[in-house]
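Asks:
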């Protein structure tokens, strides 16, 4: 499975199956410091119950100045779906250009949803870089292409 800019395969599991070692390496690789440039979008739906709280604690303890948006689900399938609404609400934070979508990619993704997400990320004076950490499924080709277009990366690990 190809991910990110360099095409490296990136799968892993932690002792609880959460893959925190990989997640820590993932964030460290991006030189995020205190998190002042990052916005986290964390899927808190039922399929992510096993990890969303732990992921939130992990990230907030390490990146004190990050902004977090909790989303019920990870569907990117309509103009007013919770994911696109959350991304739209953060778009105007010009100092924050690193977007991290932490989910399981369990929900539907449509081409129209990806087109709208692309517009949100790139149709601005301050374009955003999208990174995806999936605790479950691999991304659709359209989501993979969008992440690569923004210069971001994708990590797939297990719950």
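Residue numbers (my numbering): 2 to 160.
Don't be surprised by glycine CBs; every beta carbon is placed ideally from N, CA and C.
Does DSSP put residue 59 in a helix, a strand or coil?
Replies: Here residue 59 corresponds to residue number 58 of the chain shown, with the count starting at 1. DSSP places residue 59 in helix when its eight states are reduced to three.
Asks: Locate the alpha helix (DSSP H) running through residue 69, then write down its first and last residues.
Replies: Along the chain shown, one-based indexing puts residue 69 at 68. Note, residue 69: premise wrong, no alpha helix (DSSP H); beta strand (DSSP E) at 68-72.
Asks: From which residue to which residue does the beta strand (DSSP E) around residue 158 run?
Replies: Along the chain shown, one-based indexing puts residue 158 at 157. Its beta strand (DSSP E) spans residues 155-158.
Asks: Which residues mark the beginning and the end of the alpha helix (DSSP H) in which residue 133 is found?
Replies: Position 132 of the chain shown, counted from the start, is the residue given in the question as residue 133. Taken as a continuous stretch (DSSP letters only), residue 133 belongs to no alpha helix (DSSP H), being part of the beta strand (DSSP E) at 130-136.
Asks: Just mark residue 132 as buried or exposed, buried being the case when its beta carbon has 16 or more other beta carbons within 10 Å.
Replies: Indexing the chain shown from 1 puts residue 132 at position 131. Classification for residue 132: buried.
Asks: Throw me the rounded Cβ distance for the residue 118 and residue 85 pair, which I believe falls under 8 Å.
Replies: What you label residue 118 is simply residue 117 of the chain shown in a count that begins at 1. What you label residue 85 is simply residue 84 of the chain shown in a count that begins at 1. Contact flag correct, Cβ pair sits at about 6 Å.
Asks: Name the two residues that bound the continuous beta strand (DSSP E) containing residue 40.
Replies: For the purposes of this step, residue 40 is identified with residue 39 of the chain shown, where counting begins at 1. Residue 40 -> beta strand (DSSP E) spans 39-44.
Asks: What are the partner residues of residue 161, as DSSP defines its beta bridges?
Replies: No answer is possible for residue 161: it lies beyond the span of the chain, which begins at 2 and ends at 160.
Asks: Please name the residue in 48, 114, 150 and 146 whose C-alpha comes closest to that of residue 123.
Replies: Along the chain shown, one-based indexing puts residue 123 at 122. Minimum Cα distance to residue 123 is reached at 150.
Asks: Excluding sequence positions up to five away, which residues of its chain have a Cβ less than 6 Å from the Cβ of residue 109?
Replies: Against the chain shown, residue 109 aligns to sequence position 108. Within the same chain, residue 109 has close Cβ partners 76 and 78.
Asks: Below 8 Å, how does it come out for the region 38-53 and the region 63-71: are there three or more Cβ pairs, yes or no?
Replies: Touching, per the Cβ criterion.
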